[in-house]
Every structure is written in structure tokens, then in C-alpha cells.
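A.B. asks: Mind looking over this structure? Questions follow.
Numbering (mature numbering (1 follows the signal peptide of the UniProt record, and there is no 0)), first residue to last: -22 to -1, 1 to 717.
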């Protein structure tokens, strides 16, 4: 409350300092342009200069709205804004060397009308075009501040739009308390008190007189609705019972609603009615009250308390007691003299010019008939309705001028901006005056993603450990020997190593961890895939060359398999060594990094990318060879289909990593997501190999041990083709019992 009062006192002091006895000298330099004046800094004005004269219910086109009925109060307030600007320009003590200009538009008290001048205020300063931009930080509007509009309803239409551009908007009449929310309306100010104070005083008045049974009536728009809601809430806290609430339509015929409201007031037998409404709504309401001779105590809001339209109603004195609230204000002593001088100049200008009156219908000329104004029209500013609001308009203009004055106190050198490059390894935020070292995020152990992937890895390791236990328990059996024997355990260790190596992706990265991440993951996978590939080659040899397989199988299954696995691992080790040698360390990578950010995710460099592709591609090639060797392999009759397990495991591996390629490349700019995807796909391929190759064998070992016999694996153990089907002994279900 203190801040608005201080502002008004300040503006009043400024006004007095500029006053002199008689007509000031600056009266001689008045501009006769009522609604526009060029200047170094231009203010926008929104006033209800005209009233609606068309039927909105019949509107069919965007511009099909006519406002031709002059509103003398709105025109008078527009003249007050012109007066304040001329006074500031005439007294150079407030803004020395700066000329204020203005552009005043008509709102017609219609949301469809007020939007157009608001958009014109937001046009760019050089060419007055409104362009769509991603960033409006350096966007300079043609208008520096907006004065108005009068009503809360109109402010609610444009307030958020102006707030987006942070354009100062100073209303001289909008009292709704919702505009006090600086988050919704960050650039809104006003020179009138909020309705909150008015509602508080109304409630205190009712409590003082112990009027605890009341009705509340408001106009059906922003001002009335907010007032009714706020009063009802405060009344409840003060134990005042609101027996009835009613709203008077603003944009439709109010008579049916007014009759219903009065009927309900009489039915509830309330003796006190709070009327929180606009002037037009209050006028229509009290005409019906007078006609029906309803009496009581009427509490008037500031909008209509002493308005001439209400006080001059016939028989208004017969409806009981009206208690009204008005804003404390001050008269503008020079306003009437200024207006007379202005109208004299207009009259003289008409006499010496042959130009016709300006055309009607133009937004920049909301009052064509004002061309004919003369000193006889001085009532435009002496009207009590104008006099009570004039100081609010005056204070709004002066508040802008005072803000500009405060800016002029700054040393011009303070605005000399010298841009400099940040030092190596530092960057600054937008519009920042300092450089900072970047902050790096990591895939720490505590993040939800890390916990989920760690849990998945632990579960996978447990599965692999259980498989290893099952195979150890059944080591030396035909199934384990056919699956690779000792190599099957080595393959399991490779899968477990690949799973554990993914831990290098989590936590704080370092030079050692970054150099080992991809090589460890790749070479452990190579161990497993090379063993599977060697077994698939054995299957191919046995099924395609049965005549010679028996004599060479012991070599293939013995030294040959180990040499093949070692050769594959050696090739992968060479690729890994080249990748580590060619790629930079993390320290070197960060030292050479071009810093263009203040926060980013720190991932180990995958450089050169071709090295990563070769390592993963070599593993993919082995999986593809395994698939091709076993896909068309002939299944031995009445024997375990070892080729099927290899086919599915290698197919799953290939599909997963082929899918990985486009996803990984698509996340090039999202390093954190790249790391998560890499870990996830590595776990998925690891699970695919275990599930497709080992789980079926574990099922047979645990659930069907009777099939774990040499006859069921003779082709893979002996290398000899099985006997023809007709000679093949058929398994007898009762054979076990017979034994």
C-alpha cells in the first residue's frame, strides 16, 4: 500500500514543481495532433474514446465492428495523457534532451478492438513490422510503454501478451487483484489501488454495523466477477453470510438477469446489497430497483459510487441508503487551462486550413469529429468522472518519465560494452558478464539409469553363474562335450567378462577407464563369439563332409578349436590396440575440446569412430558366419539339434547390433543417451547369447537327463553320420523301467 501512495505523492510533487502562476510558457508550443506525436521515446495510450455501435451477434468478418458513438469520459482521459506528455516535454528538468511522443488508440471497450492497437505497439521499431522470432531478447518495439486500458476486462485480454515482451503496462483504472501476480503479469503496473483493499474495507464496514446477512451483485466481466469472489471469501472469514450472489450480463441483454437477481434479493430478505459492477451494469440494475421500489442499504464500489449516470437517475433517493467508496485523488489545476488553449489552437487551425476533416475509420484517428472541438467543449476534462480519474492517467505517464529520468542518471560510459572472448576452456551464459569453467555431468552410480542397468547386469551375471554351475556339475557328459567341452566354460567366462566390463561406463571417467571401455567389451565378446563360430564350423564340416569328418574331428575339436579362438582374439586384440593407440586420452580430449557450453555430459571419446566400427564389425562378422554355417545345416535324426541354438543366438546378436547402428548415430548430440544405449544393447546381446545358446541345454540337463546320452549326440561327438532312419533304434518309453 505504501509503494503506490509514494508514487502518487512523487508524481504530484513533480507536477507542482512544474506549475507557475498563469499560463506556462510551454502552452505556446502545443501540438494540435490529439492522438499521435513523434518523439525520441513513444508511449502508447489505450482509452475508450468510442462506444460500440454495432451488433456483435451479427458479426461475420474480423473487421465488422463499428464504434462511432463518442465516449466523452474516454476522450477526456486521452486529453489528460496528452497534457502530461506536453508538460514533461515543456519542462526539460525531468527529461533533458529527450522528447516524449505518444500514439493513442481507441479500445471501444471491446476485446476484438483492443488487440489491434496492442499488436501495433509490438511492431519492430525501424520498419514497424511484427515478426516471429525464436528469441526476442534484442527485439526493440516501436512503443516503449503502454498507458491503459481503463478496465480489468481489457487488461486481461492484453496483459499476458505485453508481459511476454516485458513491455511496461501502466493501467489507470484496472483494479482486479489478479493482476498483482507478477508471474502472470510481470510487466503490469497501475496507479489505482487493487480491489483487495476495497473489498477489505467493505467487509470491515459490514462487520462494524453488524450487517451479517447480505447479497452481492456484480457485472459479468473481470472486474465484477473478481470483486464478487474476493468479497465472498473475505466475508466468510469475518462470519458475514452472503445469502445470494448474482451477475449482471455485460455483452447480452441484462434485463432478464436483473429481474431474477432482484427477485432473489427480495426472496432472501436481505437488507444490505454490495454492488460490485461497472457503471453501465449498475445503471441498468438500479433502474429496475427504482421501478420496483426496492429499498435497503446499497454498498457501492468505486466504479459507480459517484458517477453522474447513477446520481442523476430519477427517484434514486427513494431506494434507501447508498454507501460508496471512492479513490482519494487530486485535481490537475492546469488541465482546464491547457485544454482551453489546445482547443483555441484547433479553432485557429481550422480557420486557416482548407484541408477537409480527417477520414473516419482509421485506427490512428479514433475521433474524426474532434477536428471541430472548441473551447466550448471544455466539459470534456471538467466532467467529474474525468476529474476523478485524471490524476491516475497523469501519474501513469509521470511514472514512465520518472523511470526514464532514473536511467538518465547513469554514466553513459557504464553502457559501453566491450565483448571479449572467454579464455581457453571457459564459456559464458547468454548476456553474462563473466566466463566460467564448464560443469560436466556423468553417468554416476546414483542415477536411476545407472541403478537400473546395474541391476540388469547383476541379474544377468547370476544367470550366467547358474549356467556355469549346471555345466560344471554335468561336465564330461555328452551334451557338455558336444557344446564345446572346456571351450563352453571359456565362452561363459567371456560373457561374464563382457558384462562386468560395462561397469567402466559408470562413475567418474578417467584416462584408464576410457581406454579400456570399448576394447574390454569387444574382446570379451570376441572370446564367446569365436568359440561359437568354431563350433558352427565343426557342425558345417560334419554335416557337409561326413566321409572325412570322423577322421579329422579330433583335430578340429582339440587343437584346431583353440587355435581358431586364439587367432580371432589376436585379430580383435590388434584392432583394440590400434584403437587405443590412435584415440586420444580423456585428458587430451578435454584439453582440445572447444568449449561452447557451461554444462554438458562427459563421455569417453569414441575416436577414431572407424576403430569402434571395426571392433564391433569383427564380432558381427563372426556372428554372421555362425548363422550362415548353421542355418541350413541338416538336423541329425533323433539327435539334439545343436545347430538350432547357434542359429538363434547368432541371429539375435546380429539383429541387436544392426539395430544399434542407426540409434547410436542418431544420438550423436546426446552423449548421455549414447552411453545408455551402448550399455543397454551390450546387455541385450549378452542376454541373447546366454538365452539362445545355453538355456536350452540347461533345460535338457535338468529336466530331461535321460537324453544326455552319447547316442543323442553321436554326430557331433564322433563325426559319423547316423544310421538310416529305418535302422535307427527308436527310444522306448518303458526301457528305463525294464532296466
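A virtual CB, placed ideally from N, CA and C, is assigned to each residue, including glycine.
To the nearest angstrom, how far is it from the Cα of residue 654 to the Cα of residue 421?
C.D. replies: 9 Å
A.B. asks: How long is the line joining the alpha carbons of residue 58 and residue 313, rounded to whole angstroms?
C.D. replies: 7 Å
A.B. asks: In three-state terms, what does DSSP make of residue 392?
C.D. replies: In this prediction, residue 392 scores a pLDDT of 49, lower than 50, which makes its location untrustworthy; the coordinate-derived value is nonetheless stated afterwards. Reduced to three states, the DSSP call for residue 392 is helix.
A.B. asks: Can you tell me whether residue 136 is buried or exposed, with buried defined as 16 or more other CB within 10 angstroms of its CB?
C.D. replies: buried
A.B. asks: DSSP three-state call for residue -2: helix, strand or coil?
C.D. replies: Legend: pLDDT at residue -2 = 48, less than 50; position of this residue unreliable, no value from coordinates given.
A.B. asks: Which runs of the alpha helix (DSSP H) spanning at least 4 residues fall entirely within the region 276 to 323, listed in chain order?
C.D. replies: Listed in chain order, the complete alpha helix (DSSP H) runs (minimum 4 residues) inside the region 276 to 323 are 286 to 289.
A.B. asks: So, residue 589 versus residue 556, is the Cβ gap smaller than 8 Å?
C.D. replies: yes
A.B. asks: Does DSSP put residue 112 in a helix, in a strand, or in coil?
C.D. replies: coil
A.B. asks: Skipping 5 residues on each side, what residues in its chain have a beta carbon closer than 7 Å to that of residue 47?
C.D. replies: Here the set comprises 28, 29, 31.
A.B. asks: From residue 550 to residue 617, what does the alpha carbon distance come to, in whole angstroms?
C.D. replies: 35 Å
A.B. asks: Closest to residue 188 by C-alpha separation, out of 151, 292, 275, 351, would be which residue?
C.D. replies: 275
A.B. asks: Hey, how far is the Cα of residue 390 from the Cα of residue 182?
C.D. replies: Low confidence applies to residue 390: its pLDDT is 47, below 50, so where it sits in the model is not reliable, and the reading given next is rough at best. Inter-residue distance for residue 390 and residue 182 is about 52 Å (C-alpha atoms, whole angstroms).
A.B. asks: Give me the DSSP bridge partner(s) of residue 148.
C.D. replies: 125, 167
A.B. asks: What separation, rounded to the nearest whole angstrom, lies between the Cα atoms of residue 484 and residue 575?
C.D. replies: 23 Å
A.B. asks: In whole angstroms, what separates the C-alpha of residue 78 from that of residue 265?
C.D. replies: Inter-residue distance for residue 78 and residue 265 is about 45 Å (C-alpha atoms, whole angstroms).
A.B. asks: Pick helix, strand or coil for residue 48, following the three-state DSSP scheme.
C.D. replies: When DSSP states are grouped into helix, strand and coil, residue 48 belongs to the strand group.
A.B. asks: How would you call residue 548, buried or exposed, if buried means at least 16 neighbouring beta carbons within 10 angstroms?
C.D. replies: With fewer than 16 other Cβ atoms within 10 Å, it is exposed.
A.B. asks: Quick one: what's residue 223 bridged to in DSSP?
C.D. replies: As DSSP reads the structure, residue 223 sits in a beta bridge with 194.
A.B. asks: If residue 125 and residue 374 are in contact, beta carbons under 8 Å, what's the gap, nearest whole angstrom?
C.D. replies: 5 Å
A.B. asks: If you scan the region 31 to 104 from start to end, which runs of the alpha helix (DSSP H) of 4 or more residues do you find wholly inside it?
C.D. replies: 50 to 68, 89 to 99
A.B. asks: Apart from the five residues on each side of it in sequence, which residues of its chain come closer than 7 Å, Cβ to Cβ, to residue 85?
C.D. replies: 24, 25, 26, 91, 92, 127, 132
A.B. asks: Comparing alpha-carbon positions, which option in 691, 499, 398 lies nearest residue 413?
C.D. replies: 398
A.B. asks: Could you spell out where the alpha helix (DSSP H) holding residue 733 opens and where it closes?
C.D. replies: This structure cannot settle anything about residue 733, because the visible part of the chain is limited to -22 through 717.
A.B. asks: Please report the distance separating the alpha-carbon of residue 145 from that of residue 156.
C.D. replies: 18 Å
A.B. asks: Have a look at residue 269 and residue 237 and give me their C-alpha separation to the nearest angstrom.
C.D. replies: 11 Å
A.B. asks: Tell me which same chain residues have a C-beta within less than 8 Å of the C-beta of residue 293, skipping the five on either side of it?
C.D. replies: Cβ neighbours of residue 293 beyond the five flanking positions: 268.
A.B. asks: For residue 624 and residue 608, which I take to be in contact (beta-carbon distance under 8 Å), what is that distance rounded to the nearest angstrom?
C.D. replies: Taking a contact as a CB-CB distance under 8 Å, the pair residue 624 and residue 608 counts as one, their CB atoms being some 4 Å apart.
A.B. asks: With a cut-off of 8 Å on the beta carbons, I'd call residue 631 and residue 667 a contact; round off their distance for me.
C.D. replies: 6 Å
A.B. asks: Using a C-beta cutoff of 8 Å, does residue 55 count as contacting chain D?
C.D. replies: In the displayed structure, chain D is absent; only one protein chain is listed.
A.B. asks: Output the distance between the C-alpha atoms of residue 509 and residue 649, rounded to the nearest integer angstrom.
C.D. replies: 33 Å
A.B. asks: Go ahead and label residue 215 buried or exposed: buried means 16 or more other beta carbons lie within 10 angstroms of its beta carbon, across all protein chains shown.
C.D. replies: exposed
A.B. asks: In the DSSP output, which residue or residues are listed as bridge partners for residue 418?
C.D. replies: 578
A.B. asks: What residue range does the alpha helix (DSSP H) around residue 475 cover?
C.D. replies: Counted as a single uninterrupted DSSP element, the alpha helix (DSSP H) harbouring residue 475 occupies residues 464 to 479.
A.B. asks: Is the Cβ-Cβ distance between residue 435 and residue 492 less than 8 Å?
C.D. replies: Going by C-beta atoms, residue 435 is not nearer than 8 Å to residue 492.
A.B. asks: Indicate whether residue 724 and residue 14 have their beta-carbon atoms separated by less than 8 Å.
C.D. replies: Any question about residue 724 goes unanswered here, given that the chain covers just -22 to 717.
A.B. asks: Could you say which of 328, 44, 161, 263 lies nearest to residue 10 if we only look at CA atoms?
C.D. replies: 328
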